[in-house]
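All residue numbers for the sequence shown refer to our numbering, where the first residue is 849 and numbers rise by one. Note that the Cβ used here is the ideal one computed from N, Cα and C, for glycine as well. Small disclaimer: the values here were computed from a predicted structure and weren't measured. Let me begin by presenting the structure, written as structure tokens, before commenting on it.
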Amino acid sequence: MTIKNYLKNASNEKWALGHFNFSEIEAIRAIVETAADLKTPIFVGTSEGERKHVGVKEAAALVKAFREEFGIPLWLNADHTKTFEGVKEAVDAGYDAILADFSALPFEENLRLTKQSVEYAKSKNSEIIVEGELGYVRGDSKLQKVIEIKSEDLTKPEEAARFVAETGVDMLAPAVGNIHGIVTESKEKIDAARIADIKKAVGENIYLVLHGGSGLSEADFKSAIEAGISMVHINTEIRIAFTEALKKSLAESPDETTPYKILDPTVVAMEEVIGKKLKIFGSINKI
Ligand SMILES: [Zn+2]
């Protein structure tokens, strides 16, 4: 089955594919082992910063090796790629999906560069999936106190319809009250009615992606998926699980100098977070 087959099933059956970021082998191992255990199709992603750390070609080679070893539907996404050069590099390296994110630019400029990205990606790989982003999802993949969302940040359904029709994207990341990272002193409010309106405007063959899933409740995810979300991104929560486990490991074994022994507990900690999310997303036993 192709990525699109899975997206179609997810959309029709009201579940979502999980997308988790990695920048070191512990995270990708935790993601793939958990997905294999739970028999769930899975996306791994690297942001521009994460890609710089792992290497673009190295990330593609790692995913290929994990896919062969575990035999599950596993795909690699170039998360938040903010230049056309970056899109080209990831497509050429063999990424399975690209998020061409020009959402910081004015609408027409976003549309033009996203369209150019889709044309390049599909000319090199007819199976590749391209996601565009429209609206402004604030925040970074870390803990933050308060983030104020403005009404002009939110994606407008009629603009979304025009954007997907003219760019040719397969997936769209809307701004629907979500933020990147976790806020500790304010509360995120997901606008499920807006998700449903956008889904209706873009049509059943365009799949909606919820970014900034970290920090959201089970009820938030369920209402977002019910309203039309087919993929959820989680990064901050596994970053925190990794860092906390690493600090604990170093504190408990101050004389340990073997890197893999120091790092092993981080895999267990991330697996726990990933497993819980996949159960909420409803993608288990969907292979
Ligand atoms: Zn994101």
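message: ALA1021 and VAL1057 - do their beta-carbons sit closer together than 7 Å?
response: Yes, the Cβ-Cβ distance between VAL1057 and ALA1021 is below 7 Å.
Sorry if obvious, but does the Cβ on HIS867 come closer than 6 Å to a heavy atom of ligand 1? Distances between the C-beta of HIS867 and the heavy atoms of ligand 1 are all 6 Å or more.
Alpha carbon to alpha carbon, what distance is there between ILE1046 and LYS1035? The alpha-carbon of LYS1035 is positioned some 23 Å away from that of ILE1046.
DSSP beta-bridge partners for ALA1091? As written in the sequence, residue 1091 is Thr, which differs from the Ala given in the question. When DSSP reads this structure, THR1091 sits in no beta bridge, so it has no partner.
Three-state secondary structure assigned by DSSP to SER1131: For SER1131, the three-state secondary structure derived from DSSP is coil.
- Message: Is it buried or exposed, SER1101, if we count other Cβ atoms within 10 angstroms and call 16 or more buried?
- Response: SER1101 is exposed by the Cβ-count criterion.
Assigned exposure category for LEU1098 - 16 Cβ within 10 Å defines buried:
With fewer than 16 Cβ atoms within 10 Å of its Cβ, LEU1098 is classed as exposed.
4-residue-minimum alpha helix (DSSP H) runs that sit fully inside the segment 1017-1053, ordered along the chain:
Restricting attention to alpha helix (DSSP H) runs no shorter than 4 residues, the segment 1017-1053 encloses them at 1040-1050, ordered along the chain.
- [ ] Taking only heavy atoms of ligand 1 into account, decide whether any of them is closer than 6 Å to the Cβ of HIS901.
- [x] For ligand 1, not one heavy atom lies less than 6 Å from the Cβ of HIS901.
Note to self: What does the Cβ neighbour count give for VAL994, buried or exposed, with the cut at 16 atoms within 10 Å?
What the structure shows: When all chains shown are included, VAL994 counts as exposed.
Assigned exposure category for MET1118 - 16 Cβ within 10 Å defines buried
The residue is buried, with at least 16 neighbouring Cβ atoms inside 10 Å.
Requested in this report: Keeping to the same chain, check which residues put their C-beta closer than 8 Å to that of VAL1012; ignore five residues upstream and five downstream.
Outcome: Correct list, in chain order: GLY980, LEU1020, VAL1050, GLY1051 and ILE1054.
Review point. Can you list, in chain order, every residue whose CB sits closer than 7 Å to a heavy atom of ligand 1?
Key: Answer in sequence order: ASP927, HIS928, VAL985, ALA1021, HIS1028, HIS1059, GLY1060 and HIS1081.
Can you look up MET849 in the DSSP assignment and give me helix, strand or coil? Residue state for MET849 is assigned as coil, using DSSP reduced to three classes.
Per-residue DSSP class, three states only, for ILE977:
Secondary structure at ILE977: strand, using DSSP grouped into helix, strand and coil.
- Give the C-beta separation of THR888 and ASP927 to the nearest angstrom, bearing in mind that I take them to be a contact with Cβ-Cβ under 8 Å. Between THR888 and ASP927 the beta-carbon gap is near 19 Å, outside 8 Å, which marks them as no contact.
Supposed close pair THR850, GLY1123 - CB separation, criterion 8 Å
No, THR850 and GLY1123 are not in contact; Cβ-Cβ is about 26 Å, not under 8 Å.
Taking all protein chains shown into account, decide if GLU874 is buried (16 or more other Cβ within 10 angstroms of its Cβ) or exposed. It counts as buried.
**Message:** Under 6 Å: does the beta carbon of ILE920 sit that close to some heavy atom of ligand 3?
**Reply:** As for ligand 3, it is missing from this structure, which binds only ligand 1.
*asked:* Tell me whether the segment 961-968 and the segment 919-939 touch, counting them as touching only if at least three CB pairs, one residue from each stretch, are closer than 8 Å.
replied: Yes: at least three Cβ pairs fall under 8 Å.
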